[in-house]
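Numbering (full-length UniProt numbering), first residue to last: 1 to 173.
Beneath this line is the structure, given in structure tokens, with notes to follow.
Next up, the structure:
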């Protein structure tokens, strides 16, 4: 019987010297965004903008953004505390097609052009880690924070204005 040897990559060259980024739980740029707290864990500057990551803290009984879709980035949600309600749409914001309550450990993938929103309908705080690829969408949160200022309530108008800058389309009502 003949043996087959797999050829692996040539490792005889120089080993890459790319630094690894470690973000301790108490670090990362953190700011209030209306009722939400945003912690930027990776803004894309260390990944050639291939991935961005934020942690969102959502207080009890808090609605999320208006139903929308993204034209240029995929995103994922890993719920780490509490419950986040995800809602999917196929037509209008007034006609949700699916609602899922995701709990700690649950993971949701939202591809480009998938209409969705999220909220925390419970009486307890919730948290999730949100990734974006490419990473540019991290700056949406910074822009929105500028629009609404510290401690103010996030308005649908401010949210839609920021969305338009990041290829994010609100669903028609």
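Note that beta-carbon positions come from the ideal geometry of N, C-alpha and C, so glycine has one too.
Looking at residue 133 and residue 46, is the spacing between their C-beta atoms short of 8 angstroms?
-> No, they are not a contact pair.
C-alpha gap between residue 87 and residue 39, whole angstroms = If you draw a straight line from the Cα of residue 87 to the Cα of residue 39, it comes to about 23 angstroms.
Ignore the nearest five residues each way along the sequence and tell me which others in residue 154's own chain have a CB closer than 6 angstroms to its CB.
-> If the five residues before and after residue 154 are omitted, its C-beta is found closer than 6 angstroms to the C-beta atoms of 34, 148, all from its own chain and listed in chain order.
Sort 115, 135, 126 by Cα distance to residue 92 and report the nearest one.
-> Nearest C-alpha to residue 92: 115.
Going by other Cβ atoms of all chains shown within 10 Å of its Cβ, with 16 needed for buried, is residue 21 buried or exposed?
-> By the neighbour-count rule (16 or more Cβ atoms within 10 Å), residue 21 is not buried but exposed.
If you pair each beta-carbon of the region 103–113 with each one of the region 51–68, do three or more pairs fall below 8 angstroms?
-> No: fewer than three Cβ pairs fall under 8 angstroms.
Helix or strand or just coil, what does DSSP make of residue 208?
-> Examination of residue 208 is not possible in this model, given that the chain is present from 1 through 173 alone.
Relative to the alpha-carbon of residue 29, which residue among 19, 36, 41 has its alpha-carbon at the smallest distance?
-> Ranking 19, 36, 41 by Cα distance to residue 29 puts 41 first.
Using only alpha-carbon positions, find the residue among 158, 90, 24, 82 that is nearest to residue 121.
-> Checked all of 158, 90, 24, 82; the closest Cα to residue 121 is 82.
Would residue 138 pass as a contact of residue 54 if the rule is Cβ separation under 8 angstroms?
-> Going by beta carbons, residue 138 and residue 54 fall inside the 8 angstroms limit.
In whole angstroms, what separates the C-alpha of residue 70 from that of residue 140?
-> For residue 70 and residue 140, the distance between alpha carbons rounds to 12 angstroms.
Between residue 56 and residue 127, which are expected to be in contact by the criterion C-beta below 8 angstroms, what is the C-beta distance as a whole number of angstroms?
-> Indeed they touch by this definition, with Cβ atoms about 7 angstroms apart.
Apart from the five residues just before and just after residue 165, which ones in its own chain have a Cβ nearer than 8 angstroms to its Cβ?
-> If we look at residue 165 and ignore the five residues flanking it on each side, its Cβ neighbours are 140, 143.
Report the rounded CA-to-CA distance for residue 196 versus residue 48, giving the unit in angstroms.
-> Here the chain comprises residues numbered 1 to 173, so residue 196 is not present and cannot be evaluated.
Nearest to residue 123 by alpha carbon, out of 58, 7, 167, 14?
-> It is 58 whose Cα lies nearest to the Cα of residue 123.
With distances taken from CA atoms, which of 145, 98, 13 is nearest residue 32?
-> That would be 145, whose Cα lies nearest to the Cα of residue 32.
From 36, 130, 113, pick the residue whose C-alpha is nearest to that of residue 178; which is it?
-> An answer regarding residue 178 cannot be provided, because it is not within the stretch 1 to 173 covered by the chain.
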